[in-house]
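Chains as they are written, first to last, in the working numbering: chain D, 5 to 92; chain F, 7 to 200; chain X, 9 to 135; chain U, 59 to 144; chain R, 1161 to 1261.
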């Protein structure tokens, strides 16, 4: 097994660790935390994958995630917060 | 190798997203599912689809699901324990007896189409009750669990019967009180009328 | 509360022009690299979601946006009907690349406007 | 009981589909795909095969897709009239 | 030589990220997990991207990697901060990880 596939496999195991927190986590914020961790892991996996194939255009997807990936978790976090404060 | 791991993860996540009864948790599952799926599209040499999946999943579908979810009513449960000054996550886990109780209350809420949200805090009871954010407050004092709820609410009536029947070993006691603000306003109105 | 509002809005405002730039790059480079009209339009629509996070005010006239979308759809029908479905496509091969760029641009703007209408309609009027 | 029936039905359906997919292994004719993959650059001037196909070879698909998006949004604005009047 | 240094940095970043994931799974209360995710994960990200940049030398690829690094440094702590702030304002206040039951 060469270098890049080994790194990708290790990263898949790390993703499974984050997914365990998403599945187990007692509160919803724990699940969100696992979600944001998996999102950053995905970016790094895309970087390693593009480096393995030496294709520059594959990095566009990583740029999309790094620009827009936080919107999902910020939206869900805002939603939870507003639900608990808005009805006072 | 990575392909097999991610495909199995996709299976687990999709089954959990359908089976989970709390809608907001389902949204988080679906977000994770689209993250992993986007990488798999990339792995199968379809970068166009991967970009579309990434954008749609991160912003658009999440906002649509959350807007659809605004119609659900959230039932807020607060677990407070001021005696120990420390409240840990283990209070919420399902393994312990208290965790089983909280889990039972959550299932009870879900059966009546309410979204339960459990929050765990070491603040004092006055502060928690004064904020007026919570529908049900569970407070631990030594070996006793005291549950504070509304006075006139048939939901709390049913919950009281259930908890006293099943969890008598935890010394559950129910204390029913009306909203203090409402009581004051009612008293004022009565005074003006007389 | 105000603290969190300010930091999220500051960072989103910093990223705003780059998202516009990147969406336009995806649209205009759609015939060379992965991407194209739909993906770039979805990025531009996600931009408006970022704007919704920073400042949830509703100042989009949905009727006017819908009118613009209809006009762009007419253009999307007319451009291929005038070029690719006639004999001009075989006669003038030099026009192929401008045609691809123009179609990608039109589809991108249409998808961006359509998804923005959808999202704003659901975010502001669904109570 | 009803739930288990549904689960059993879905599992049976999945087994049937997998069996059928594995039974007939002959693929579709490859000439058209090979033609597209070899000739798309000189035909359309694009370097991305996906763009060449959805903007040139299969332009009707793209047109009706755009029409579908337009019709969906028009119907949404028509049936829920709150957002349309502004 | 530089290629080998880049590979070493990638492996170091994997160790960092493994530490972050282990901490997120093993720690007992929420705010410790937030700190672990915000800090250790960002360090792993910086190390990995610098390692891959070293593996590729000066090229367009490295320029795009630098862009990703800048954007990610802006947005990754932001999402974690948003989650922690949402939990705090919702009343989820766990003071410290103790073992007294």
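In this text, a Cβ means the ideal position worked out from N, Cα and C, and glycines have one as well.
Buried or exposed: where does residue i fall if 16 or more other Cβ atoms within 10 Å of its Cβ makes it buried?
i, result
"residue 92 of chain D", "No answer about residue 92 of chain D holds up, because its pLDDT of 33 lies below 50 and its placement is not dependable."
"residue 119 of chain U", "exposed"
"residue 42 of chain X", "buried"
"residue 90 of chain X", "exposed"
"residue 98 of chain X", "exposed"
"residue 88 of chain U", "exposed"
"residue 59 of chain U", "exposed"
"residue 83 of chain D", "buried"
"residue 1219 of chain R", "exposed"
"residue 1224 of chain R", "buried"
"residue 77 of chain X", "buried"
"residue 6 of chain D", "exposed"
"residue 60 of chain F", "buried"
"residue 62 of chain U", "exposed"
"residue 67 of chain X", "exposed"
So, are the CB atoms of residue i and residue j less than 8 Å apart?
i, j, result
"residue 66 of chain U", "residue 104 of chain X", "no"
"residue 41 of chain F", "residue 75 of chain D", "no"
"residue 38 of chain F", "residue 19 of chain F", "yes"
"residue 48 of chain F", "residue 17 of chain D", "no"
"residue 1215 of chain R", "residue 1251 of chain R", "no"
"residue 67 of chain D", "residue 81 of chain X", "no"
"residue 84 of chain X", "residue 61 of chain X", "no"
"residue 1179 of chain R", "residue 1195 of chain R", "no"
"residue 35 of chain X", "residue 73 of chain X", "no"
"residue 165 of chain F", "residue 114 of chain F", "yes"
I'd like to confirm something about residue i: is its beta-carbon nearer than 7 Å to some heavy atom of the ligand FAD, or not?
i, result
"residue 37 of chain F", "In the structure on display, the ligand FAD does not appear, and there are no ligands present to speak of."
Can you find a C-beta in chain X that's less than 8 Å from the C-beta of residue i?
i, result
"residue 61 of chain F", "yes"
"residue 1259 of chain R", "Caution is warranted here: a pLDDT of 45 is assigned to residue 1259 of chain R, below 50, making its placement in the model unreliable, and the coordinate value is therefore given only provisionally. Not an interface residue."
"residue 1238 of chain R", "yes"
"residue 1222 of chain R", "no"
"residue 71 of chain D", "yes"
"residue 44 of chain F", "no"
"residue 98 of chain U", "no"
"residue 116 of chain U", "no"
"residue 1207 of chain R", "no"
Would you say residue i reaches chain D, if we count a Cβ-Cβ gap shorter than 8 Å as a contact?
i, result
"residue 100 of chain X", "no"
"residue 53 of chain F", "yes"
"residue 68 of chain F", "yes"
"residue 31 of chain F", "yes"
"residue 48 of chain F", "yes"
"residue 7 of chain F", "yes"
"residue 23 of chain X", "yes"
Does residue i get closer than 8 Å to chain F when you measure Cβ to Cβ?
i, result
"residue 46 of chain X", "yes"
"residue 1199 of chain R", "no"
"residue 1246 of chain R", "no"
"residue 62 of chain D", "yes"
"residue 1252 of chain R", "yes"
"residue 25 of chain D", "no"
"residue 44 of chain D", "no"
"residue 123 of chain X", "yes"
"residue 21 of chain D", "no"
"residue 79 of chain D", "yes"
"residue 1181 of chain R", "no"
Using beta carbons (cut-off 8 Å, strictly below), is residue i in contact with chain U?
i, result
"residue 108 of chain X", "yes"
"residue 15 of chain X", "no"
"residue 129 of chain X", "yes"
Measure from the C-beta of residue i to each C-beta in chain R and report whether the shortest distance is under 8 Å.
i, result
"residue 12 of chain D", "no"
"residue 153 of chain F", "no"
"residue 67 of chain D", "yes"
"residue 36 of chain D", "yes"
"residue 7 of chain D", "yes"
"residue 38 of chain F", "no"
"residue 29 of chain X", "no"
"residue 74 of chain D", "yes"
At least one CB of chain A closer than 8 Å to the CB of residue i: is that the case?
i, result
"residue 115 of chain F", "Although the question refers to chain A, the structure presented lacks it and instead comprises the protein chains D, F, X, U and R."
Contact the segment 113-133 of chain F vs the segment 71-84 of chain F: 3+ CB pairs below 8 Å: The count of Cβ pairs closer than 8 Å, one atom from the segment 113-133 of chain F and one from the segment 71-84 of chain F, reaches three, so the stretches are in contact.
Sufficient close CB pairs (3 or more, under 8 Å) joining the segment 1229-1240 of chain R to the segment 17-29 of chain X: Result yes; three or more Cβ-Cβ pairs closer than 8 Å.
Three or more C-beta pairs below 8 Å linking the segment 1177-1192 of chain R and the segment 25-41 of chain D: They touch, by the three-pair rule.
Runs of alpha helix (DSSP H) wholly within the segment 39-81 of chain X (minimum 4 residues, chain order): Qualifying alpha helix (DSSP H) stretches, in chain order: 45-62.
Segments of 4+ residues assigned as alpha helix (DSSP H) that fall wholly inside the segment 38-64 of chain F: Counting whole runs of 4 or more residues, the segment 38-64 of chain F contains the alpha helix (DSSP H) stretches 53-61.
Cβ contact (3+ pairs, closer than 8 Å) linking the segment 1197-1213 of chain R and the segment 125-139 of chain U: A contact is defined here as three or more CB-CB pairs under 8 Å, and the segment 1197-1213 of chain R fails this definition with respect to the segment 125-139 of chain U.
Start-end ranges of the alpha helix (DSSP H) lying completely within the segment 79-123 of chain U, minimum 4 residues: Counting whole runs of 4 or more residues, the segment 79-123 of chain U contains the alpha helix (DSSP H) stretches 89-102, 107-110.
Contact between the segment 73-92 of chain U and the segment 47-62 of chain X (3+ Cβ pairs under 8 Å): Cβ pair count under 8 Å is below three, so no.
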